[in-house]
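*Asks:* To start, I am sharing the structure in question, which I have written as structure tokens.
Residue numbers (the numbering used here), protein chains in the order written: chain X, 1 to 711; chain C, 1 to 272; chain L, 1 to 195.
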């Protein structure tokens with residue numbers, strides 16, 4: 001292992017441990033005003049009139065009439081308003097806000113605000129959707145030929161549910177307008193996204209907007225786009241009450257019902273098989289975008305690029321659609337569209353293998369892409385694809401092959417075991433040429449006269465340890481002690497735009513910029529002198545240019561790889577399961593800190609396990625999220641997994657700092673298909689093509705299998 | 001002022017309750033789930049008389065102030081009760097929650113109440129003027145409703161020990177900790193000289209009140225093992241008929257199926 | 001209506017508390033108080049210092065600690081006893097402060113992370129959590145540390161399973177728990193004699 005992988009004490013350890021790190025809800029000021037939203041109770045309705053109650057002194061309302069800039073929250077497109085004007089599009093759509101000093105009273109006044117609506121018909125299911133936000137197509141080879149020549153054709157449908165980020169700290173933001181400057185701080189992943197959104201909504205010049213990231217209690221994608229909404233709304237409010245802090249901290253229910261979560265999906269896959277090989281795939285991917293586009297285009301792009309999985313299939317025809325419904329807008333969540341399609345392709349491969357009487361793992365390995373093979377978008381896997389070695393490692397850790405064989409035989413009277421395995425990748429960094437064309441990241445290093453060096457970037461530490469890993473990279477490149485490098489919470493008035501904290505890009509892309517900056521600073525280093533260096537992004541020149549028009553070229557510079565085996569034990573009386581173990585091998589390039597990376601991998605795996613089964617999120621007749629509390633949206637506790645083991649495999653990426661690739665999203669992506677494969681074996685079922693897999697469904701499968709056995 | 005709401009003797013508490021409608025606060029873990037601001041609590045934690053655990057030859061008596069944590073730590077706590085309590089919520093809740101509070105709140109999902117139903121426990125109710133013992137089956141009038149009068153306090157729970165030995169406890173939750181029961185089950189069966197001497201099944205989280213049907217259990221009581229085996233299908237059919245599950249996050253059909261599966265498995269294992 | 005008086009001799013602390021308290025007085029009382037409810041005065045020992053708080057006895061201790069006494073190391077994650085972020089020690093026992101009414105704490109000793117972080121035991125946990133990189137977003141950590149303290153004080157040599165049970169009411173969405181469990185197991189060894 002590279003020396004830089006040696007763990008260190010994290011930069012933010014002490015203050016988080018002692019409880020002195022200030023999250024947005026922890027700030028205190030004597031003149032704080034609290035905000036509460038007035039939201040639509042209807043999934044779709046026309047706003048006829050807003051009637052505010054009489055507001056006591058010190059209290060005021062905020063709505064679209066107060067938006068001084070454009071009534072738009074810029075995400076990728078510009079369809080989301082700051083406050084709705086004459087129509088609402090989902091239950092929870094913000095119409096207005098009440099602000100004032102007493103939070104209880106603010107809440108009561110918001111509840112007393114009467115909005116008269118004319119209810120309109122609502123579309124809650126993507127099957128009924130008449131609005132296609134995005135419709136992408138790509139392919140290669142000749143699918144028609146392949147299907148007509150096939151020995152056998154398989155067609156299956158897959159569906160996945162919502163997943164809620166369930167970060168421990170809910171969304172929160174605070175804004176203050178004073179002396180022409182609007183300062184916003186809060187729980188967020190992307191300071192400059194927020195900065196841009198506020199400037200647009202308030203009409204303030206960019207120099208009059210300052211965004212500071214507070215300590216952030218988890219994000220997982222949920223604080224990528226949503227904070228732009230809160231910040232725009234609070235920015236508008238703050239300008240109405242100059243000189244006062246206006247803050248909103250969501251309660252858990254509000255957070256779970258009205259903030260973005262993972263897109264539910266429905267996919268149809270058709271496979272042509274000839275001589276025991278999959279020769280073509282026709283894939284139709286549909287994501288429920290909810291009421292607004294927000295991040296759907298980019299989530300969908302990643303989803304469909306990953307749709308054929310790790311396999312080299314000669315002919316492909318892929319379509320992906322993001323569909324509008326009158327439900328809460330969906331958005332970014334760790335994995336960003338890929339968990340949905342990896343679920344589908346892995347299940348399909350398992351089923352084809354079973355039908356052909358082949359071992360599913362061998363079948364998958366036989367189809368896995370290798371270095372030099374084309375990617376789904378006719379780019380190239382430029383670097384080693386280490387799946388065979390990683391599979392060997394996972395088999396050794398889990399005893400997969402022996403267990404798979406044993407559980408295929410007679411099982412115990414009450415408990416039934418099963419084991420499954422899945423293979424996947426995660427494309428590192430932004431899809432396509434986003435870095436080059438849109439982000440254009442800039443970083444800086446500032447060396448003080450005393451020889452300490454400050455990192456100037458805007459990537460936020462949301463728990464993933466970026467403060468620590470950035471500092472390690474810079475210290476290593478400069479050859480100075482780690483303690484001599486610092487990286488505080490980003491403040492847009494002090495740091496350049498190094499891009500958002502998303503897409504597993506921060507360390508690989510921004511970290512490399514910092515390494516290069518440090519290399520320059522080392523050369524220019526003069527003792528006792530204050531010095532600054534700046535570095536700009538350049539796309540690595542080995543890449544085949546990516547075209548979003550026809551989805552061709554290198555969608556990603558490189559890939560992180562994952563293999564997990566999961567063993568389950570089902571109770572045939574209750575349908576409940578024990579997760580006996582989950583054993584994984586991950587390649588994220590060089591771990592810049594082995595303890596941090598291991599923690600990321602373990603945490604991501606556990607979220608994937610939750611996604612597979614216990615994390616159920618249903619909607620009511622109005623499309624409103626019903627599972628809106630921690631007692632109703634069930635995430636794993638410390639007692640829920642028997643053994644959770646992770647092993648790191650390292651294929652260095654020459655364009656990442658010290659060989660590092662993207663890491664954060666990878667571990668979640670392929671857990672669900674491994675889980676369901678294990679469930680299928682344990683339950684004696686085939687064709688379980690949906691998640692979350694509920695206990696009551698498991699019991700039905702068990703009942704069906706038992707009836708089958710009696711026959 | 002604090003004394004008024006945090007009495008230090010049972011007499012003082014009952015006196016308060018005789019004059020004002022107050023909400024008894026023992027562990028608080030059910031009450032505080034809701035935003036409770038403004039509720040007129042009377043805090044019971046300072047009352048020594050409610051903190052006792054008494055282990056008699058034929059009964060185990062739990063004072064209303066005894067927490068789950070204390071029950072788990074007590075050497076005489078019946079194993080069945082320990083096993084059920086150990087799976088309730090998580091340590092921080094068990095540290096303050098009480099058995100009496102769990103019962104008095106009349107949630108259908110309380111696993112402490114489930115054990116008490118299976119064991120035919122009695123609830124002791126006291127007011128400034130009166131004292132009475134109510135069989136737990138008569139204590140409930142429906143979901144969230146009990147026979148406790150506003151001036152009364154549940155002071156103790158009396159659990160008969162006679163039939164607790166051959167128990168089975170099962171809890172089906174959505175995860176391994178911090179889980180609210182979707183179905184919970186207690187089965188008690190005693191076989192003496194090849195005859196079913198005692199049988200009691202109880203199902204939690206299935207109906208508005210714990211499901212306990214002595215009349216159904218009576219179908220097998222007094223029968224030889226062999227005769228009971230022969231009547232087992234009829235017995236299970238009677239339960240199938242009797243259970244009317246509530247629906248919630250899991251379906252009524254699922255709840256019922258699990259109840260019947262657990263009942264069948266228990267009966268089959270015991271009768272061989 | 002609600003005033004805080006530090007009966008300790010620490011004037012600075014008392015001043016901070018009453019200043020903080022005046023600002024949030026209206027926030028801690030309901031807009032429509034039930035007729036039988038009135039403010040009571042509750043005295044307890046908070047992180048080793050005697051404090052007196054006045055207000056509605058049904059207020060959540062979580063709010064009293066965070067809003068009135070400005071102990072923001074006590075985190076709010078759900079307000080319904082389902083996440084453990086607001087865990088504190090009440091007479092040495094782990095409780096969720098959102099599940100405790102203010103009227104319940106009269107005469108007790110309350111320890112929050114702000115008090116606990118000055119102890120020798122904390123230093124051991126601090127070191128082992130650091131070495132295992134057990135702290136990610138940090139939001140669950142104050143509660144998690146107090147859950148570890150509660151566990152180790154009752155059981156100085158827990159098994160892994162006992163550790164997992166001990167922290168099972170403290171949700172962490174970041175770590176997958178392994179690092180936290182290992183850090184607590186390490187602390188039980190390295191803190192030999194402290195618990």
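The beta-carbon is built from N, C-alpha and C at its ideal position, and this holds for glycine as well. Source: prediction; values computed, not measured.
Taking 7 Å as the threshold (beta carbon to beta carbon), is residue 32 of chain C in contact with chain L?
*Replies:* It does; some Cβ of chain L falls within 7 Å.
*Asks:* Determine the closest residue to residue 193 of chain C out of C:223, C:115, C:165, with distance taken between C-alpha atoms.
*Replies:* Nearest option by C-alpha distance: C:223.
*Asks:* Looking only at C-alpha atoms, which of X:172, X:270, X:165, X:247 sits nearest to residue 261 of chain X?
*Replies:* Here the closest residue by C-alpha is X:165.
*Asks:* Whether or not the segment 137-151 of chain L and the segment 211-228 of chain X are in contact is what I'm after, with contact meaning three or more pairs of Cβ atoms, one per stretch, closer than 8 Å; do they touch?
*Replies:* Result yes; three or more Cβ-Cβ pairs closer than 8 Å.
*Asks:* Output the distance between the C-alpha atoms of residue 119 of chain C and residue 249 of chain C, rounded to the nearest integer angstrom.
*Replies:* Residue 119 of chain C and residue 249 of chain C: Cα-Cα distance of roughly 29 Å.
*Asks:* Residue 436 of chain X to residue 540 of chain X, Cα distance in whole Å?
*Replies:* Spanning the two alpha carbons is a distance of roughly 10 Å.
*Asks:* Quickly, what does DSSP pair residue 374 of chain X with across the bridge? List them, please.
*Replies:* Answer is X:380.
*Asks:* Compare the C-beta of residue 702 of chain X against all C-beta atoms of chain C and say whether one is closer than 7 Å.
*Replies:* No, its Cβ sits nowhere closer than 7 Å to a Cβ of chain C.
*Asks:* Measuring straight from C-alpha to C-alpha, what distance separates residue 453 of chain X and residue 195 of chain X?
*Replies:* Using only the alpha carbons, I get a separation of about 26 Å.
*Asks:* Along chain X, which residues have their Cβ under 7 Å away from the Cβ of residue 229 of chain C?
*Replies:* In chain order: nothing, as chain X lies at least about 18 Å away.
*Asks:* Below 7 Å on C-beta distance, what does residue 164 of chain L contact in chain X?
*Replies:* The contacting residues are 638, 639.
*Asks:* Which whole-angstrom value is the C-beta distance of residue 322 of chain X and residue 360 of chain X, which I expect to be below 8 Å?
*Replies:* With 8 Å as the limit, residue 322 of chain X and residue 360 of chain X do not qualify as a contact, their Cβ atoms being about 31 Å apart.
*Asks:* Residue 431 of chain X to residue 556 of chain X, Cα distance in whole Å?
*Replies:* Approximately 6 Å between the Cα atoms of the pair.
*Asks:* Which same chain residues, not among the five before or five after residue 492 of chain X, have their C-beta less than 8 Å away from its C-beta?
*Replies:* Taken in chain order, the residues that qualify are 191, 192, 195, 209, 210, 211, 212, 458.
*Asks:* Tell me which residue opens and which closes the alpha helix (DSSP H) that residue 189 of chain C is part of.
*Replies:* Careful: residue 189 of chain C lies outside any alpha helix (DSSP H), inside the beta strand (DSSP E) at 183-192.
*Asks:* Go ahead and pull the three-state DSSP assignment for residue 622 of chain X.
*Replies:* Correct three-state label for residue 622 of chain X: coil.
*Asks:* Is the number of C-beta pairs between the segment 586-604 of chain X and the segment 619-628 of chain X that are closer than 8 Å three or more?
*Replies:* No, the segment 586-604 of chain X does not touch the segment 619-628 of chain X.
*Asks:* Which class does residue 255 of chain X belong to by DSSP, given the choice of helix, strand or coil?
*Replies:* Note: residue 255 of chain X maps to helix in three-state DSSP.
*Asks:* State yes or no: is the C-beta of residue 674 of chain X within less than 7 Å of the C-beta of residue 583 of chain X?
*Replies:* Not a contact, by the Cβ cut-off of 7 Å.
*Asks:* Can you list, in chain order, the residues of its chain whose CB lies under 6 Å from that of residue 404 of chain X, leaving out five sequence neighbours each side?
*Replies:* Once the five neighbours on either side are set aside, the close Cβ partners of residue 404 of chain X are 419.
*Asks:* Can the beta-carbon of residue 114 of chain C be found less than 7 Å from the beta-carbon of residue 187 of chain C?
*Replies:* Cβ atoms of residue 114 of chain C and residue 187 of chain C: not closer than 7 Å.
*Asks:* What residues from chain X crowd round residue 254 of chain C, counting only those whose CB sits closer than 8 Å?
*Replies:* By Cβ distance, chain X contributes 575, 695, 696, 699.
*Asks:* Please classify residue 393 of chain X: does DSSP put it in a helix, a strand, or coil?
*Replies:* DSSP places residue 393 of chain X in helix when its eight states are reduced to three.
*Asks:* Using 7 Å as the threshold, is the C-beta distance between residue 243 of chain C and residue 211 of chain C below it?
*Replies:* Yes, the Cβ-Cβ distance between residue 243 of chain C and residue 211 of chain C is below 7 Å.
*Asks:* For residue 180 of chain C, which residues does DSSP report across the bridge?
*Replies:* None; residue 180 of chain C has no bridge partner.
*Asks:* Can you confirm whether residue 579 of chain X, when its beta carbon is compared against all beta carbons of chain D, has any partner nearer than 7 Å?
*Replies:* The chain inventory of the structure shown lacks chain D, comprising the protein chains X, C and L.
*Asks:* Residue 713 of chain X lies in the beta strand (DSSP E); which residues open and close that run?
*Replies:* As displayed, chain X neither begins before 1 nor continues past 711, which places residue 713 of chain X out of reach and without an answer.
*Asks:* Can you tell which of X:708, X:231, X:571, X:551 has the C-alpha that lies nearest to the C-alpha of residue 697 of chain X?
*Replies:* Taking only the C-alpha atoms, the option nearest residue 697 of chain X is X:571.
*Asks:* Is it right to say residue 720 of chain X is buried, meaning 16 or more other beta carbons lie within 10 angstroms of its own, or is it exposed?
*Replies:* This structure cannot speak to residue 720 of chain X, because chain X is shown only from 1 to 711.
*Asks:* DSSP puts residue 67 of chain C in a beta bridge; with which residues?
*Replies:* In DSSP, residue 67 of chain C forms a bridge with C:98.
*Asks:* Which of the three DSSP states is assigned to residue 3 of chain X in this structure?
*Replies:* The answer is helix: DSSP assigns residue 3 of chain X an H, G or I state.
*Asks:* Starting from residue 176 of chain C, find everything on chain X with Cβ-Cβ shorter than 7 Å and list it in chain order.
*Replies:* Per Cβ cutoff of 7 Å: 637, 639, 640.
*Asks:* Quick one: complete alpha helix (DSSP H) runs, 4+ long, within the segment 191-216 of chain X?
*Replies:* List check, alpha helix (DSSP H) in window: 191-202.
*Asks:* Can you give the Cα-Cα distance for residue 27 of chain L and residue 39 of chain X, rounded to whole angstroms?
*Replies:* Annotation note: pLDDT 34 at residue 27 of chain L (below 50); position unreliable, no value reported.
*Asks:* Report yes or no: is there a C-beta of chain X within less than 7 Å of the C-beta of residue 250 of chain C?
*Replies:* True, the Cβ-Cβ gap to chain X drops below 7 Å.
*Asks:* Label residue 192 of chain L either buried or exposed according to how many other C-beta atoms from any shown protein chain fall within 10 Å of its C-beta, with 16 as the threshold for buried.
*Replies:* Flag for residue 192 of chain L reads exposed.
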